[in-house]
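Everything in the sequence shown is counted per the numbering used here, starting at 331 for the first residue and increasing by one. Have a look at the structure below, then the notes.
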Amino acid sequence: MSGQRSITGSTSQATPKTGKMPRILSVANQKGGVGKTTTAVNLSTALAAVGKKVLLVDLDPQGNASTGFGIRRASLHASTYDVLFGEADILDVAQETKVPRLSVAPSSVHLSGAEIELVTEERREFRLRDALRRPMPYDYVIIDCPPSLNLLTLNALVCTDSVVVPLQCEFFALEGLSQLTKTIERVRKAYNPDLSIHGVLLTMFDRRNNLSRMVAGDVRDYFGDVVYDTVIPRNVRVSEAPSHGLPAIVYDMNCPGAKAYIHLAREILKREKVMLAAETPRDAA
Ligand SMILES: Nc1ncnc2c1ncn2[C@@H]1O[C@H](COP(=O)(O)OP(=O)(O)OP(=O)(O)O)[C@@H](O)[C@H]1O
Ligand SMILES: [Mg+2]
331 MSGQRSITGS
341 TSQATPKTGK
351 MPRILSVANQ
361 KGGVGKTTTA
371 VNLSTALAAV
381 GKKVLLVDLD
391 PQGNASTGFG
401 IRRASLHAST
411 YDVLFGEADI
421 LDVAQETKVP
431 RLSVAPSSVH
441 LSGAEIELVT
451 EERREFRLRD
461 ALRRPMPYDY
471 VIIDCPPSLN
481 LLTLNALVCT
491 DSVVVPLQCE
501 FFALEGLSQL
511 TKTIERVRKA
521 YNPDLSIHGV
531 LLTMFDRRNN
541 LSRMVAGDVR
551 DYFGDVVYDT
561 VIPRNVRVSE
571 APSHGLPAIV
581 YDMNCPGAKA
591 YIHLAREILK
601 REKVMLAAET
611 PRDAA
């Protein structure tokens, strides 16, 4: 179906729309190569490992989250592209993975044209929200965003409860971050009043490297408690895993990177409890 938008725009009739409202977290930073996909893949896997039902939504035309699970994108019959245009149901696009309780909604290359195609669509900022904000058989939906503040990322932010922002521990880490926080603020005001920053995650930390330590210190000074205690170390096993079609946590669960992502999932769930307790229940309103 990808790339062939039907006139009817019909979606599957067979899928039951049962379940509860999932929590939706986006992994976003318009800076490229900071660890968004690695975080989305391994956080999703770690949340599934601790018993949560998780759907990872690949919203990046590059499709690294999909190929990271060994999904062959050339043979997809439907993708997140079709979901955005109302031509496929997210539950039909979702594919089970080798990881129990974890499904992935893959992206296709057609998504690279979606930005332009969306411009003329009605409710162009709400397409993903219309598709995802409903009862589903998942506890968590994790969205892997592209490295841009384009309409795709906007769609993710409009349907998201909270944003996880990975920052690579290198010079210029903070560059462009004010743009991201301003965008989040604008989305909160215009479309999604409940949107929050869940946390800032330091990635690819190299403790032997002075610069890495300095950047981590600066980020903590600047953001304070918003920065997760968990730091993801630079670890070659983490970067090898996608070429085997596996999350690092499955590829080598004892490597430092995998352990850090499991730690992150626990920290995120703890923070979730605090955040959810402070929130007025959305569905009760
Ligand atoms: N902790 C880590 N240790 C070593 N390599 C890592 C680590 N995290 C990510 N990488 C590597 O860094 C590169 C960029 O990571 P990733 O693809 O997750 O970033 P991204 O922000 O999603 O990139 P893009 O902006 O292109 O979507 C990849 O080659 C990945 O394997
Ligand atoms: Mg990516």
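No residue lacks a Cβ here, since even glycine has one placed at the ideal position from N, Cα and C. Quantities reported herein were computed from a predicted structural model and do not represent experimental measurements.
Practice task
Report the rounded CA-to-CA distance for D422 versus R538, giving the unit in angstroms.
Solution key: 46 Å
Problem - D390 - partner residues in DSSP beta bridges - result: Per DSSP, none; premise fails for D390.
Handout entry: N- and C-terminal bounds of the beta strand (DSSP E) containing M534
Key = S526 to F535
Problem - heavy atom of ligand 1 below 7 Å from G363 C-beta - result: yes
Handout entry: Assigned secondary structure, R543 (DSSP; H/G/I helix, E/B strand, else coil)
Key = helix
Problem - Nearest-angstrom Cα separation, counted from D524 out to E602 - result: 14 Å
Handout entry: Whole runs of the alpha helix (DSSP H) within the stretch 420-480, excluding any shorter than 4 residues
Key = 420-423, 441-449 and 457-462
Practice task
Could you round the C-beta distance between V439 and F399 to whole angstroms and report it? I think they count as a contact, below 8 Å.
Solution key: Going by Cβ atoms, the distance from V439 to F399 rounds to 17 Å, so no, they are not a contact pair.
Practice task
Kindly examine ligand 1 and report whether one of its heavy atoms sits closer than 7 Å to the Cβ of S396.
Solution key: no
Handout entry: Host alpha helix (DSSP H) of D412 (start-end)
Key = T410 to L414
Exercise for the section: Count the other C-beta atoms from every protein chain shown that fall within 10 angstroms of the C-beta of S492, then say buried if there are 16 or more, exposed otherwise. Expected result: buried
Handout entry: Through-space distance from S437 to Y411, alpha-carbon basis
Key = 7 Å
Practice task
Answer yes or no: the CB of D491 versus the heavy atoms of ligand 2, is any distance below 7 Å?
Solution key: no
Exercise for the section: Check whether the stretch 527-547 touches the stretch 390-406, taking contact to mean three or more Cβ pairs, one atom from each stretch, closer than 8 Å. Expected result: no
Exercise for the section: Mind reading off the beta-carbon distance from V517 to L487? Whole number of angstroms is fine, and I expect it under 8 Å. Expected result: 4 Å
Exercise for the section: Would you check whether ligand 1 has a heavy atom nearer than 7 Å to the C-beta of G587? Expected result: yes
Handout entry: N- and C-terminal bounds of the alpha helix (DSSP H) containing T490
Key = Premise fails: T490 is in no alpha helix (DSSP H) and is neither H nor E.
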